[in-house]
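J.:
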Amino acid sequence: MSLTEKDVVLTTEEAIEYLKISKPTFLKYIRLGKIRAIKAGKGWRILLSELNRFLKGEESK
């Protein structure tokens, strides 16, 4: 079985590299609700599909 985009979970570092933004900006977007993420220990986990939704400019559900 192959992973779909929806299944891929990224770490904070992977997400900021994917978005090409700074960590403070990334954390601000999470705090403002522009990017949905789940707190995992000291970091965050984000679905790749969520980052693509954000890049397309779609509203968070």
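Numbering of the sequence shown is given in the numbering used here, commencing with residue 407 and proceeding in unit increments. Virtual Cβ for every residue (Gly too), placed ideally from N, Cα, C.
1. Contact defined as beta carbons within less than 8 Å: I believe Val415 pairs with Arg451. What is the distance between those atoms, to the nearest angstrom?
2. Would Ile441 pass as a contact of Glu456 if the rule is Cβ separation under 8 Å?
3. Just to confirm my understanding: we take Leu425, look at its own chain, exclude 5 residues before and 5 after, and list those with CB closer than 8 Å. What are they?
4. So, at 6 Å on beta carbons, what are the nonlocal neighbours of Ile422 in its own chain, with the 5 sequence-adjacent residues on each side left out?
5. Identify every residue that forms a DSSP beta bridge with Leu453.
T.: This is what the structure holds:
1. Start at 1 with the first residue of the sequence shown, and residue 415 comes out as number 9. Start at 1 with the first residue of the sequence shown, and residue 451 comes out as number 45. At roughly 5 Å, the Cβ-Cβ gap stays under 8 Å, so Val415 and Arg451 are in contact.
2. Mapped onto the sequence shown, residue 441 falls at position 35. Mapped onto the sequence shown, residue 456 falls at position 50. Contact: yes.
3. Here residue 425 is taken as the residue at index 19 of the sequence shown, counted from 1. Closer than 8 Å at Cβ, skipping near neighbours: Phe432, Leu457, Phe460, Leu461.
4. Your numbering for residue 422 matches position 16 in the sequence shown. Counting only Cβ-Cβ distances below 6 Å, and skipping sequence neighbours, we find Lys429, Phe432.
5. Working through the sequence shown from its first residue, we reach residue 453 at position 47. DSSP lists Val415 as partners of Leu453.
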